[in-house]
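Worksheet: the structure to be examined is printed underneath.
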Amino acid sequence: MDFGTNKPIYLHIYDIVAERIISGLWHEGDRVPSVRELAAELQVNPNTVMRAYDALQQGGLIAPTRGIGYFVAEGAAARALEESRREFVENELSQLFRRMDALGFTPEEITKLYSNYKTNSTNENK
Amino acid sequence: MITVKNLTFHYRGKNHLYRDFSLHIERGGIYGLLGSNGIGKSTLLKLMCGLLSPDAGEVNLFGRRSRTRSVELLSDIFLVPEEFELPKVTLGEFVRLTTPFYPSFDHSFLAEALRRFEVGMDEEFHSMSMGQRKKAYIAFAMAAKTSLLLLDEPTNGLDITSKATFRSLLAEWATPERTAIISTHQVREVANMFDHIVIIDHKGLVVDSSVYEISERLKFSVESSADGALYSQSTLGGYATVRENVDGSESNPDIELLFGAATTAREEIIRILNPSTNH
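As given, the protein sequences belong to chains U and E, one line each in that order.
Heads up: the first sequence begins at 448 in the numbering used here, then just goes up one per residue.
Heads up: the second sequence begins at 9 in the numbering used here, then just goes up one per residue.
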């Protein structure tokens, strides 16, 4: 897997797990793949996955089981979604705003473009 | 686990590859052993497993001289050289004949690795392509589940999907009790697998740090200017740079850039990473 940017890999893995929880691929209460299973899937060092799991546990997205391993924590999807939304506003959206300003877009133009996009994507889904 | 102490070594009629070289490797983890062509990486692997004798100094494995090559020692280490000869038998026969030497041999791991590498047990080594033979031997080496696994350029000759399979298998192979040392020039192909990086040059040890320590002490980023960087490479969108990490930022160590920095800014890299031993 190519992780692209300079973000540490364990944070990429954090995002991947958060995304799987938000999308419902992993449900609350489900067992999370073992460190080794996810390391094999993502082709990374198991200790890197361990670091990601520590961070995910601190973030309240996963919790340790009584035996060995982790499960998706209660309320994880809502928490992960909230976190992703905040990160989107802080990082991607602020970058987008800067670029919009530089190119001279007005809020009205953007609103119109976004409305068109919503209409089209709704039609496509019908 | 491995202690190289004041090692001096040269091949007959050649210049010294190592002079008073020391290195300690702990049990557990995947080590990347990097260095320019001809610097002596393969030689070091051979010295570690006792295939070569040091001129002076010691190489100890599990607290014993590796050169003794005792049965106990040999049953717990495995070296996959870059190029190797295998007997004129099928893989199945090879497994039957040689697994008794490896008490921890994991037959189900082998079966799974062969399935994913698409290599058959009834194939003769000599009728296999170079890549197939390499996959068969790597699968066997991992399945041996030795405490120490030495891999010399393991991804050379492997096709694209096999390289991915190799990384995946290595992640499954790794435990806190097992150590792998991978010597390679194909850093990008295995960079995400490393716990620890060792870089050697003609003067000795330059880098001997965990990936975590490297990311704490060095900062890797793409910037519009490379001014004051320890090392940089021109890239899409600016310069990929290595600098001392002074603002506590977290970046992903780019091992290729680290290698460049270790070559061009050797003393600064040693100062910043402060390896336990240097020469």
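Think of the CB as a built atom: it goes at the ideal place given N, C-alpha and C, for glycine as much as any other residue.
Item                                                                                                                                                        : Value
At least one CB of chain E closer than 8 Å to the CB of N494/U: is that the case?                                                                           : yes
Per DSSP, what kind of secondary structure is S135/E in: helix, strand or coil?                                                                             : helix
Who are the Cβ neighbours of H24/E in its own chain at under 6 Å, not counting the five residues just before and after it?                                  : H18
Would you please verify whether the beta carbon of E180/E is less than 8 Å from any beta carbon of chain U?                                                 : yes
Taking R545/U as the query, report the chain E residues whose CB atoms sit under 9 Å from its CB, ordered along the chain.                                  : What R545/U touches in chain E: nothing, since even the nearest Cβ is about 15 Å away.
Which bits of chain E does I456/U rub up against, with CB to CB less than 8 Å?                                                                              : N200, N260
On the CB-based measure, 16 or more other CB atoms within 10 Å of its CB, does V254/E come out buried or exposed?                                           : exposed
For the beta strand (DSSP E) containing G212/E, list its first residue and its last residue.                                                                : 212-218
In chain order, what residues of the same chain lie with their CB nearer than 6 Å to the CB of D449/U, ignoring the 5 residues before and after it?         : Note that D449/U has pLDDT 49, beneath the 50 cutoff, so the model's placement of it is unreliable and the number below is only indicative. Around D449/U: no qualifying Cβ.
Classify F29/E as helix, strand or coil using the three-state DSSP reduction.                                                                               : strand
For chain U, find out if any of its Cβ atoms is closer than 8 Å to the Cβ of D216/E; answer yes or no.                                                      : no
Suppose the cutoff is 8 Å on Cβ atoms and the five residues either side in sequence are ignored; what does the same chain contact list for L81/E look like? : G58, L69, F70, R72, S74
By the criterion of Cβ-Cβ separation under 7 Å, what are the contact partners of S223/E in chain U?                                                         : P455
Quick one: any contact between the region 527-542 of chain U and the region 478-485 of chain U, if contact means 3 or more CB pairs under 8 Å?              : no
Within its chain, find whatever has a CB closer than 7 Å to the CB of E126/E; leave out the 5 residues flanking it on each side and keep chain order.       : none
Given a cut-off of 8 Å, decide if K96/E and F133/E are closer than it, judged by their beta-carbon atoms.                                                   : yes
Between which residues of its own chain and G507/U is the CB-CB distance below 6 Å, once the five residues before and five after are set aside?             : A520, R526
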